[in-house]
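Contents: one structure, followed by commentary.
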Amino acid sequence: MIVPWRDRRGRLLPFKAAVLAAVPIPGILTAFWWTQSELGARPVTEAIHEIGLWAVRFLMIALAVTPLRAALDWGKLLLVRRMLGLTALAYASIHLTLYAVQQNGRLLFVASEIVHRFYLTIGFVTLLGLIALGVTSTDAAIRRMGRGWKRLHRLAYPLGVLALLHYFIQSKAKVSEPVFVAGLFVWMMLWRLLPASWQRSLLVYLPLSVLSGLAAAGIEFGWYAVTTHIDPWRVLAANETLRYGLRPAHYVVMTTFGLALVIAGRRLWVWRQRFVQLRGRQDRPNVPHEVASPVRSLR
Ligand code: HEM
């Protein structure tokens with residue numbers, strides 16, 4: 001029998017097993033807090049929020065796999081992309097179920113709310129999209145659909161935009177976390193627009209960080225301008241000083257720049273390993289040295 005934590009030959013895949021064990025934790029913790037009455041006076045509403053947040057987070061993490069795999073040169077990440085996407089679907093489905101529970105199981109009322117409330121309609125369309133990606137994520141579907149599979153699964157990016165929009169609308173004027181997530185999403189989209197030969201180059205990560213930070217500040221400005229009576233220029237100006245604490249755009253720059261440092265660190269480490277290997281072979285002249293140039297990995 002094929003299980004997710006083993007490959008086709010039955011060998012254990014520890015990384016995949018660890019991720020599989022980790023993804024249900026936010027849901028289990030939410031259920032545990034509920035049983036301990038730690039979700040406040042409206043536990044169902046709190047659980048809807050918590051599970052919805054994790055649906056968006058897992059969707060974003062699934063979308064981050066491709067850029068991170070390329071940037072970190074870490075092939076194993078691909079092993080868990082499908083699992084992360086399915087996790088986002090599972091959390092989004094529980095989120096909808098909890099909403100139905102909150103409405104005392106009145107499914108017709110739930111359906112009419114989804115039709116009449118714009119942000120629920122967006123959430124529903126996102127969920128339908130995730131279901132379409134989920135049911136076509138089996139090996140058999142990938143084989144059967146050929147190139148069409150890739151085209152269909154590109155839908156994951158517009159679904160990311162819809163999920164963020166649903167998140168923004170329901171967050172109203174408290175949009176710090178959605179702005180932060182949107183900034184990281186912009187970083188991923190900009191990375192994808194780069195020519196393939198630039199995607200691994202460390203030189204592009206600094207401009208990418210700055211651009212995604214600016215985009216986060218711009219999105220925040222636009223949101224306040226269009227949906228609230230709060231002066232958007234004052235919100236924008238808060239990004240120029242640290243007097244009001246760190247703004248979401250600052251966190252976007254810090255996170256993406258931190259990622260660039262991790263990538264640089266990993267490449268230096270790989271370079272050092274190769275250098276040590278090369279030195280070892282030179283000290284033993286009879287061993288053929290068929291070692292790749294260490295400098296290549298430092299690009
Ligand atoms: C039929 C589908 C959906 C329905 C009916 C639904 C319903 C809701 C409701 C009722 C809320 C709380 C609103 C409030 O208390 O004011 C909410 C919030 C949220 N939903 Fe959905 N949703 C759906 C789909 C999705 C999907 C697919 C995602 C993500 C992939 C998602 C992510 C979120 C997030 C992140 C929040 C905000 C959580 C927070 O700010 O704490 N939802 N949704």
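In our numbering, the protein residues as written are 1 to 299. Where is the CB? At the ideal position from N, CA and C, for every residue including glycine.
- Around the beta carbon of residue 146, a 10 Å sphere encloses fewer than 16 other beta carbons of the protein chains shown; the residue is thus reported as exposed.
- Residue 216 and residue 128 have their C-alpha atoms roughly 27 Å apart.
- Residue burial is scored here from C-beta neighbours: residue 131 has fewer than 16 other C-beta atoms within 10 angstroms and is therefore classed as exposed.
- Here DSSP, grouped into helix, strand and coil, assigns residue 89 to helix.
- DSSP lists 12 as the bridge partner or partners of residue 6.
- In the structure shown, residue 38 adopts coil according to DSSP, grouped into three states.
- With contacts defined as CB atoms closer than 7 Å, residue 160 and residue 180 fail to qualify as a contacting pair.
- Residue 230 is not a Cβ neighbour of residue 165, given a cutoff of 7 Å.
- Residues 114 of the same chain have their beta carbon placed closer than 7 Å to that of residue 124, with the five preceding and five following residues left out of the count.
- Distances from the CB of residue 180 to the heavy atoms of the ligand HEM are all 6 Å or more.
- By the Cβ rule, the stretch 51-61 counts as touching the stretch 87-106, because three or more pairs are nearer than 8 Å.
- When C-alpha distances from residue 86 are compared across 61, 99, 191 and 68, the shortest belongs to 61.
- In this structure the stretch 193-211 does not lie against the stretch 236-244, because fewer than three pairs of beta carbons, one per stretch, are closer than 8 Å.
- Contact between residue 79 and residue 16 holds: CB atoms are separated by about 5 Å, below the 8 Å threshold.
- Sequence-distant partners of residue 12 (beyond 5 residues in either direction) whose C-beta falls short of 8 Å from its own C-beta, in its chain, are 5 and 6.
- At least one heavy atom of the ligand HEM falls within 6 Å of the beta-carbon of residue 53.
- In the three-state reduction of the DSSP assignment, residue 73 falls in the coil class.
- Annotation: residue 22 to residue 111 spans about 33 Å, alpha carbon to alpha carbon.
- The criterion of a C-beta distance shorter than 7 Å is not satisfied by residue 47 and residue 199.
- In the structure shown, residue 112 falls within a helical segment according to DSSP collapsed to helix, strand and coil.
- If you compare the alpha carbons of 189, 44 and 106 with that of residue 63, the shortest gap goes to 189.
- Annotated as proximal: residue 219 and residue 182, with beta-carbon spacing under 7 Å.
- Counted as a single uninterrupted DSSP element, the alpha helix (DSSP H) harbouring residue 150 occupies residues 147-153.
- When DSSP states are grouped into helix, strand and coil, residue 102 belongs to the helix group.
- With a cut-off of 6 Å, the C-beta of residue 40 is classified as distant from the ligand HEM, since no heavy atom of the ligand falls inside that distance.
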